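Okay, structure first, notes after.
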DNA sequence: CGCAGTTTATACCAAATGGTACAAAAATAA
DNA sequence: TTATTTTTGTACCATTTGGTATAAACTGCG
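Chains as they are written, first to last, in the numbering used here: chain G, 8 to 200; chain V, 8 to 200.
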């Protein structure tokens, strides 16, 4: 066997995620990706096949390492109000700190859904639905623990919280300042009362 | 004097709004616009100057004729809960009916803010802030009329409602079905209790 | 009619688009 | 050393990009 790839595949996808997140799929050019990853066309097509395939790969990795990882961790807290509060804290933290206003690849793609293929649509819907499930389960746990009133509908409030998260990620891209983002969190907690 | 323009300027901008809304600024090509308006390059540059100028004009018109017109009308109802409920009804109605999933030009642009110029940023921020003001005033009116409890903070809840509206417009583009959108409305009304 | 202004249609522009092809260099394994 | 395979660099591809230029045809008014 000859030799290992000289650039880190995983790292390359991470760079791609950044670019796609910042500019969107269409507005991201091949040159943008090559510059961000630090390779040239030959290696690119050898490694990823096409721009579209890289995008799908990026979206998948993002969903696994960002959304899924975070929800899994929060689920283990066994404290619904704290878990949900922490989720919003983390989103705000990311929005304020991270590279500045890159937002969320999944939300960006959700807004652009009509311009993507069926596979992408399925992935985005699944990711959003997983988030809704997370909220629903947390609220149901709160019902058992009696930290959340039974009058708070698990399924309906879960959808409300998903909507607030999505809205937050949009507004975090430049419309709202940090203080306003924190108000969104407090409004989310209001829905649980 | 020679002769009137043979195509309707106003109508042309409306067509442009549709295209920009559906595909986003970057992904919309000149050809897309020419096809949608039904004119050719010569007339286009004579009438609008550039793609960017047309976009700005479109955004401005959209803000005036969609957002402003709607909020002005709802303000006249003098019934905060009804007005806010009607706003969500109208958004859902649009999302379900209108051309199918075109969404909202202002929200689409908000998510894309980092890639636009200062003038656009100002316009979007102003539009969003006007919406926030609308909600705040409605809640304050509700305080006076005693239809909304004083414990509901006008300024904070206004931000929460703006976030729900933005989230709704994103999710309406393909993630949520009509039933789920209606749940968002009911969650919005919950914030007013 | 003649002038003014508009519309069409076309040709053109340089630059960038996503993607392919290929030779040479480099590095490992046998 | 000799294969094997990936890397790099470059050249190339047709198409499209936003934008300009131009000439002819059309329409309305004085």
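Where is the CB? At the ideal position from N, CA and C, for every residue including glycine. In this text the structure is predicted, and so the values were computed from the model without any measurement.
Which whole-angstrom value is the C-beta distance of residue i and residue j, which I expect to be below 8 Å?
{"i": "residue 175 of chain V", "j": "residue 112 of chain V", "result": "Between residue 112 of chain V and residue 175 of chain V the Cβ distance is about 15 Å, and since that is not below 8 Å, they are no contact."}
{"i": "residue 3 of chain V", "j": "residue 199 of chain V", "result": "In the structure as shown, chain V begins at 8 and stops at 200. Residue 3 of chain V is therefore absent and cannot be evaluated."}
{"i": "residue 78 of chain V", "j": "residue 173 of chain G", "result": "Actually they do not touch by this definition, with Cβ atoms about 22 Å apart."}
{"i": "residue 182 of chain G", "j": "residue 120 of chain V", "result": "7 Å"}
{"i": "residue 192 of chain V", "j": "residue 86 of chain V", "result": "So it is not a contact: roughly 16 Å between Cβ atoms."}
{"i": "residue 25 of chain G", "j": "residue 43 of chain G", "result": "7 Å"}
{"i": "residue 161 of chain V", "j": "residue 146 of chain V", "result": "4 Å"}
{"i": "residue 16 of chain G", "j": "residue 54 of chain G", "result": "7 Å"}
{"i": "residue 20 of chain V", "j": "residue 68 of chain V", "result": "5 Å"}
{"i": "residue 163 of chain V", "j": "residue 190 of chain G", "result": "5 Å"}
{"i": "residue 118 of chain G", "j": "residue 130 of chain V", "result": "That pair is no contact at about 18 Å."}
{"i": "residue 40 of chain G", "j": "residue 23 of chain G", "result": "6 Å"}
State the DSSP-derived secondary structure class of residue i, mapped to helix, strand or coil.
{"i": "residue 143 of chain G", "result": "helix"}
{"i": "residue 185 of chain V", "result": "helix"}
{"i": "residue 24 of chain V", "result": "helix"}
{"i": "residue 9 of chain G", "result": "Its pLDDT being 41, under 50, residue 9 of chain G is placed unreliably by the model, and the measurement read from it follows with that caveat. Correct three-state label for residue 9 of chain G: coil."}
{"i": "residue 130 of chain G", "result": "helix"}
{"i": "residue 159 of chain V", "result": "coil"}
{"i": "residue 17 of chain G", "result": "helix"}
{"i": "residue 123 of chain V", "result": "coil"}
{"i": "residue 164 of chain V", "result": "helix"}
{"i": "residue 176 of chain G", "result": "helix"}
{"i": "residue 199 of chain G", "result": "coil"}
{"i": "residue 35 of chain G", "result": "coil"}
{"i": "residue 137 of chain V", "result": "helix"}
{"i": "residue 154 of chain V", "result": "coil"}
{"i": "residue 29 of chain G", "result": "helix"}
Members of the stretch 168 to 180 of chain G that neighbour chain V once the beta carbon cut-off is set at 9 Å: 168, 169, 170, 171, 172, 173, 174, 175, 176, 177, 178 and 180
Contact the stretch 30 to 42 of chain G vs the stretch 71 to 83 of chain G: 3+ CB pairs below 8 Å: no
Near-chain G residues of the stretch 23 to 48 of chain V (beta-carbon distance less than 8 Å), N- to C-terminal order: 29, 30, 31, 33 and 34
Whole runs of the alpha helix (DSSP H) within the stretch 44 to 121 of chain G, excluding any shorter than 4 residues: 48 to 55, 58 to 69, 76 to 82, 87 to 103 and 112 to 118
Inter-stretch contact at 8 Å, needing at least 3 Cβ pairs: the stretch 131 to 148 of chain V / the stretch 143 to 157 of chain G: no
Inter-stretch contact at 8 Å, needing at least 3 Cβ pairs: the stretch 53 to 65 of chain G / the stretch 162 to 178 of chain G: no
The stretch 119 to 146 of chain V: positions lying closer than 8 Å to chain G by Cβ: 119, 120, 121, 122, 128, 131, 132 and 135
Within 7 Å of chain G by C-beta, residues of the stretch 184 to 198 of chain V in sequence order: 187, 190, 191, 193, 194, 197 and 198
Cβ-based contacts, 7 Å cut-off: residues of the stretch 95 to 109 of chain G near chain V: 108
Residues within the stretch 152 to 163 of chain G neighbouring chain V, beta-carbon criterion of under 7 Å: 163
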